[in-house]
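Let me begin by presenting the structure, written as structure tokens, before commenting on it.
Protein chains: 2
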Amino acid sequence: MTPFTPKLTEAGLNPNVSVDCVIFGFDGERLKVLLIDRDQVISAKGDEKIYALPGNLIKEDENLDEAAERVLFELTGLEDIFLEQFGSFGDPKRLTKEHDSQWLKQIRAHPEARVITVAYYSLIRADQYELHASGFAKDAIWHDIEELPPLGFDHSEIIESALKELKFKSKYQPIGFELLPEKFTLGQLQKLYEAILNIELDKRNFRRKILKMSFLTPLKEKQIGVPHKPARYYTFDRDKYQSYKSQDFYFTL
Amino acid sequence: MTPFTPKLTEAGLNPNVSVDCVIFGFDGERLKVLLIDRDQVISAKGDEKIYALPGNLIKEDENLDEAAERVLFELTGLEDIFLEQFGSFGDPKRLTKEHDSQWLKQIRAHPEARVITVAYYSLIRADQYELHASGFAKDAIWHDIEELPPLGFDHSEIIESALKELKFKSKYQPIGFELLPEKFTLGQLQKLYEAILNIELDKRNFRRKILKMSFLTPLKEKQIGVPHKPARYYTFDRDKYQSYKSQDFYFTL
Chain A
1397 MTPFTPKLTE AGLNPNVSVD CVIFGFDGER LKVLLIDRDQ VISAKGDEKI YALPGNLIKE
1457 DENLDEAAER VLFELTGLED IFLEQFGSFG DPKRLTKEHD SQWLKQIRAH PEARVITVAY
1517 YSLIRADQYE LHASGFAKDA IWHDIEELPP LGFDHSEIIE SALKELKFKS KYQPIGFELL
1577 PEKFTLGQLQ KLYEAILNIE LDKRNFRRKI LKMSFLTPLK EKQIGVPHKP ARYYTFDRDK
1637 YQSYKSQDFY FTL
Chain B
1397 MTPFTPKLTE AGLNPNVSVD CVIFGFDGER LKVLLIDRDQ VISAKGDEKI YALPGNLIKE
1457 DENLDEAAER VLFELTGLED IFLEQFGSFG DPKRLTKEHD SQWLKQIRAH PEARVITVAY
1517 YSLIRADQYE LHASGFAKDA IWHDIEELPP LGFDHSEIIE SALKELKFKS KYQPIGFELL
1577 PEKFTLGQLQ KLYEAILNIE LDKRNFRRKI LKMSFLTPLK EKQIGVPHKP ARYYTFDRDK
1637 YQSYKSQDFY FTL
């Protein structure tokens, strides 16, 4: 974590357009989202802090995708992450709440400017990346999606929308297999889907449907040293998986 | 069509953010897209005109959806159309082509400002709306999607992206049934899908798959006075159709 001195010079930044990144992280059990601690305590409520998505104004000379990559890296240290744009948010009042205005006055040259944000999302393995908070991020922390702290701006709405997109995506194409260990049980795969969809799935139904995916390969190997009946390990064929992803395979006329 | 006097005052407009609308129109046979004639001739090529999507800067006091509705209405006269946001486009050089700069100098107070555009799309019946070009649109015209004229800015890319979204959408949920007559044949329905997907579909396969949709109701009535074997008419149940649309029905774990 680098100490941050707020600077009111923002040469080269577009005052009206920002990017925000919703980084979902799966840790093998639960779905989390990456938030930055913007070092602001809500005074009325004592020591409760306000968190925010990693996001900032775009530079005049970069495109939106580049801005998202840069901002994510600058605030959290994450890089080489596949970011997908999923929507833009432009309520004229999205930055005008009291504590948001206060914070903007510390870090922006034009804190009163209206900002439209272009939002990106990604799903990564939460425990396989090192985080390095920097800039105006005092810290970068994974938060359980079900227990979010107070968030700045319209970031709750943006996370909600990203989550909807993620759930939707998981229904029409395989998703997140790359977040599992090299060999995994169908139980682990089910946990991934349950974390994304936030529901409990029927084990038998899940297995029947998921095994229709031709890129899943059963191994001879089974679990050892477990207190229950050892489960079979599976791998997946990355080439087939990718071609599955790029096809429109669930409803082809 | 109202005569347009370019005004270099744009009080209340945000200089950096615009909306653009990709309105697809189905006329019973083909897929079209609505373009405005921005009254600019490419001099080097003689009388070739440049067209554009209906789009303009957002007002400071409106949200993005409101801006899209307003701009579409102001330029083309279309209103009460369901517009869906599908992406934002922000290449720093998207407005810098020579003929685009020239045109912007006529209509914008800050023609050199970088503009990020938030794009919306819709699919409507092309022959059931009256068009009234106004503002800087000299005319508003349906163009066959396969034969587009020269387009300003990055509007080819935006249309391409909207088309991808439309095709994709048609694969996972029923789409466009409301564009068909009250009673229609499966042949007419097939034409709709062929226009959207821009491919020829196998008649037998199409029927087999489409009839699985429980909201399609066969009527006793058949075509009369046709030179071929008369086809049966169908209607669709709008309530069931809507609930179908809102379900995740193609791949539910």
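Sequences listed follow chains A and B, in order.
Per our numbering: the first sequence = residues 1397 to 1649.
Per our numbering: the second sequence = residues 1397 to 1649.
Each residue gets a CB set at the ideal place from its N, CA and C atoms; glycine is no exception.
Values in this document were obtained by computation on a predicted structure and should not be read as measured data.
Taking a Cβ-Cβ cut-off of 9 Å, the neighbours of A/Asp1487 in chain B comprise Asn1459 and Leu1460, given in sequence order. Less than 9 Å divides the Cβ of B/Leu1460 from the Cβ of A/Gly1486. Excluding the 5 residues flanking it on each side, A/Thr1631 has same chain C-beta neighbours closer than 7 Å at Glu1578, Lys1579, Thr1613 and Leu1615, in chain order. Restricting attention to B/Ala1463, B/Phe1549, B/Gly1548 and B/Lys1567, the CA atom closest to the CA of B/Glu1590 is found in B/Lys1567.
Each of B/Tyr1447, B/Ile1503 and B/His1551 was checked against the Cα of B/Ala1515, and the nearest Cα belongs to B/His1551.
In the three-state reduction of the DSSP assignment, A/Glu1480 falls in the strand class.
Taking 4 residues as the shortest admissible run, the segment 1514-1551 of chain A contains no complete alpha helix (DSSP H) segment at all. Its chain contains Asn1412, Val1413, Ser1414, Ser1484, Phe1485 and Gly1486 as the residues whose beta carbon lies nearer than 8 Å to that of B/Ile1512, once the 5 sequence neighbours on both sides are disregarded; these appear in chain order. When DSSP states are grouped into helix, strand and coil, B/Glu1590 belongs to the helix group. With contacts defined as CB atoms closer than 9 Å, B/Leu1474 and B/Leu1427 fail to qualify as a contacting pair. Cα atoms of A/Leu1547 and B/Glu1494: separation of roughly 44 Å, rounded to the nearest angstrom. None of the residues of the segment 1422-1446 of chain B has a beta carbon lying less than 9 Å from any beta carbon of chain A.
Secondary structure in the segment 1559-1609 of chain B: the alpha helix (DSSP H) runs of 4 residues or longer, each lying completely within the stretch, are 1582-1593 and 1599-1606 in chain order. B/Ala1627 has a beta carbon lying at 9 Å or more from every beta carbon in chain A. For B/Ala1448, the uninterrupted beta strand (DSSP E) run begins and ends at Lys1445 to Ala1448, by DSSP. For A/Glu1456, there is no enclosing alpha helix (DSSP H), as DSSP gives it neither H nor E. The alpha-carbon separation between A/Phe1611 and A/Lys1641 amounts to approximately 11 Å. Think of a sphere of 9 Å around the beta carbon of B/Glu1456: the chain A residues whose beta carbon falls inside it are Pro1488 and Arg1510, in chain order. A direct Cα-Cα distance of roughly 18 Å separates A/Phe1549 from A/Ala1464. The beta carbon of B/Gln1481 sits closer than 9 Å to some beta carbon of chain A. C-alpha of A/Glu1470 to C-alpha of A/Ala1529: approximately 8 Å in a straight line. Among the CB atoms of chain A, one or more fall inside 9 Å of the CB of B/Ala1463. Out of B/Gln1481, B/Ala1536, B/Gly1572 and B/Ala1627, the CA that lies nearest to the CA of B/Ile1446 is found in B/Ala1536. Under a criterion of Cβ atoms nearer than 7 Å, no residue of chain A is adjacent to B/Asn1452; the nearest Cβ is some 15 Å distant. Between the alpha carbons of A/Leu1431 and A/Ile1520 lies a gap of roughly 14 Å.
Just so you know, the alpha carbons of B/Pro1570 and A/Lys1618 end up roughly 43 Å apart.
Straight-line spacing of the CA atoms in B/Ile1606 and B/Asp1423 works out to 21 Å.
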